[in-house]
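Worksheet for the structure shown next.
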Amino acid sequence: MPELPEVELISRSLNSLVKGRTILSAKLFRERLAPDTAPTEFSKKLRNTRINFVHRRGKHILFDLSGGKTLIVHLRMSGRFSLLADETENPKFTHAIFHFDEDRLVFDDQRHFGLMKIVPTGVLYDAKELKKLAPEPFSDAFSVEFLYNKAKASKRSLKEFLIDQTKVCGLGNIYACEAMFAAGVDPRKPSDKLSKQSVLRLHESIRAVLHEAINHAGNQVVDPENLEGNYFSAGTTAGWFAYDRENEPCRNCKSLIVRLKQGGRSTYYCRRCQRK
Ligand SMILES: [Zn+2]
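Mind the numbering: the sequence shown is residues 173 to 448 in our numbering, read in order.
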């Protein structure tokens, strides 16, 4: 599942590829991709709309359209966009197509979890998908104080707390593990037991790991025919510190990274370096 840095890269790429272009027609092939909009309505709402720009909120890609509409897209597990020339065939699991004059933007999704929704731009942030999200990690609203107060109000393990998008926006399994490693905090610790000092380090680490990943992404060559969320599967320039490194030596202390299950998902951490 793409995390915030991947979605940032994809929305930037989409913005440079389709900003200013007009959707001449749109087709929805899998009804449940846009459960609030019937396929005929989907086509009608998007026909002859101009894409003003593409941005994102959390892991949601947002197409700001003419006529005061915004198309919200969540890629979930395997959704991806491709900008294809007219003569190129559709990918196997094509669920929606946006036609331009000489090419088209195709959304395909092998695992069928992707979601689209068209909302009035004026009330975009009231949409249920966006309303409860924590502030963007690089915004002033995401302060140490904010994180501390949220942590104090939660009794869940730190790891589960960090991947809850209403508490911290943008961290998934990978960057949560990396941020906890960088901050030296124990993933099993109940959130409300974190010291102010730990929260301070965690806050810094969350921004640092996301920032590094986005910077790393900025150097990647974007393939318009393959806008999906796997840019970082090989890690950032230096590779991960904790994520996906079970039984490999910690880069700090050489003891072996361990894996445990939390909320049904794997957490990777160093028992010696992450004691706080
Ligand atoms: Zn270590």
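For each residue, glycine too, the CB sits at the ideal point set by N, CA and C. Computed from a predicted structure; not experimentally measured.
Could you check which residue in the options has the C-alpha nearest to that of residue i?
i, options, result
"Y347", "K324, G436 and H375", "H375"
"T439", "L176, N419 and T266", "N419"
"C442", "D336, D358 and L205", "D358"
"K433", "C349, S315 and L196", "C349"
"K426", "C445, F214, G411 and R437", "C445"
"N424", "R431, A380, E332 and F353", "F353"
"E261", "L247, V278, F272 and G251", "V278"
"A313", "F413, V340, K448 and R204", "V340"
"H388", "R328, P421, T212 and W412", "W412"
"R360", "P174, S329 and K264", "S329"
Under the rule that 16 or more other beta-carbon atoms within 10 Å means buried, what is residue i, buried or exposed?
i, result
"G449", "The structure shown has nothing for residue 449, since the chain only spans 173 to 448."
"S188", "exposed"
"G435", "exposed"
"Y415", "buried"
"M249", "exposed"
"S454", "Examination of residue 454 is not possible in this model, given that the chain is present from 173 through 448 alone."
"A206", "buried"
"D258", "exposed"
"A210", "exposed"
If you follow the beta strand (DSSP E) that residue i is part of, which residue opens it and which one closes it?
i, result
"T439", "R437 to Y441"
"T242", "K241 to H246"
"A257", "G251 to A257"
Report, in whole angstroms, the separation of the C-beta atoms of residue i and residue j, which I expect to be a contact under 8 Å.
i, j, result
"F253", "T242", "Actually they do not touch by this definition, with Cβ atoms about 16 Å apart."
"P396", "L255", "4 Å"
Can you tell me where the alpha helix (DSSP H) holding residue i begins and where it ends?
i, result
"N321", "V316 to K324"
"A455", "The structure shown does not extend to residue 455, since the chain is modelled only from 173 to 448, so the question has no answer here."
"P292", "Counting along the chain, P292 falls outside any alpha helix (DSSP H), though it belongs to the beta strand (DSSP E) covering L287 to P292."
| task | Answer yes if the segment 276–288 comes into contact with the segment 302–316, meaning at least three C-beta pairs across the two stretches below 8 Å, and no otherwise. | result | no
| said: Can you confirm whether the segment 267–278 touches the segment 322–333 when touching is taken to mean that 3 or more C-beta pairs between the two stretches lie within less than 8 Å? | reply: no
| query | Per the contact definition of three or more C-beta pairs closer than 8 Å, is the segment 184–199 in contact with the segment 221–241? | reply | yes
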